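What follows is a single structure, written as structure tokens, with notes after it.
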Amino acid sequence: MPRTKKNDIVPQTAAQELYSIESSLEALKTRYKQDSAPLEARSEELRSKLLAAMQKNRVKTIKLENGDQYIRVPKTTFEVTDERKAFQWAQQNQCLRIDKVSANKILTRTIGVPDGFEQHDEEHIRIERA
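Counting from 372, one number per residue, gives the positions in the sequence shown under my numbering.
Structural data, given as structure tokens:
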């Protein structure tokens, strides 16, 4: 490998080696995406079916023999539907701006949805590994 000084590498050589490495990485990433896509699709399908079954049977947690747990986790979020009304609510609740994170924390503890907001409830599965 030609060098210009004791520890310097020739730019052309470095560029060629970098190209080779990046090409190999890109091929690996492509293969990984192709190999993992069916598994990810099946995982999402089973996750949805598990959540539906847990909801139907009113089960909150499933613990496996290895100690892993599948936990049904509810999530509530609020979307702003009317900026003016939401801003009025924010001012009344000591928010300097319509901060969705702060608004979600406050609104999940209140009864009813104030004007200017829309509530979205969903659940998902959280996996805790032993």
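By construction, the Cβ of each residue, glycine as well, lies at the ideal position given by its N, Cα and C atoms. Quick caveat: nothing in here was measured; it's all calculated off a predicted structure.
Counted within 10 angstroms of its Cβ, other Cβ atoms place residue i as buried (16 or more) or exposed
{"i": "Leu410", "result": "exposed"}
{"i": "Ala510", "result": "An answer regarding residue 510 cannot be provided, because it is not within the stretch 372 to 501 covered by the chain."}
{"i": "Ala474", "result": "buried"}
{"i": "Ala398", "result": "exposed"}
{"i": "Ala423", "result": "exposed"}
Neighbourhood of residue i by C-beta, 7 Å cutoff - its chain only, sequence neighbours within 5 removed
{"i": "Thr452", "result": "Gly487, Phe488 and Glu489"}
{"i": "Ala457", "result": "Val451, Ile469, Gly487 and Phe488"}
Neighbourhood of residue i by C-beta, 6 Å cutoff - its chain only, sequence neighbours within 5 removed
{"i": "His491", "result": "Thr448"}
{"i": "Glu450", "result": "Glu489"}
Proximity below 8 Å, CB of residue i to CB of residue j
{"i": "Gly385", "j": "Asp439", "result": "The sequence given here has Ala at residue 385, not Gly. It is not a contact, given that the beta carbons lie outside the stated cut-off."}
{"i": "Glu494", "j": "Lys431", "result": "no"}
{"i": "Arg455", "j": "Ile496", "result": "no"}
Cα-Cα separation between residue i and residue j, rounded to whole angstroms
{"i": "Leu421", "j": "Gln383", "result": "55 Å"}
{"i": "Ser407", "j": "Val381", "result": "39 Å"}
{"i": "Ile392", "j": "Glu499", "result": "36 Å"}
{"i": "Arg413", "j": "Ser394", "result": "30 Å"}
{"i": "Tyr403", "j": "Leu396", "result": "10 Å"}
{"i": "Asp379", "j": "Tyr441", "result": "54 Å"}
{"i": "Pro485", "j": "Leu389", "result": "57 Å"}
{"i": "Gln463", "j": "Val472", "result": "16 Å"}
{"i": "Leu417", "j": "Lys434", "result": "16 Å"}
{"i": "Gln465", "j": "Asn437", "result": "47 Å"}
{"i": "Thr401", "j": "Gln387", "result": "21 Å"}
Given 8 Å, three or more beta-carbon pairs between the segment 474-481 and the segment 418-432: no
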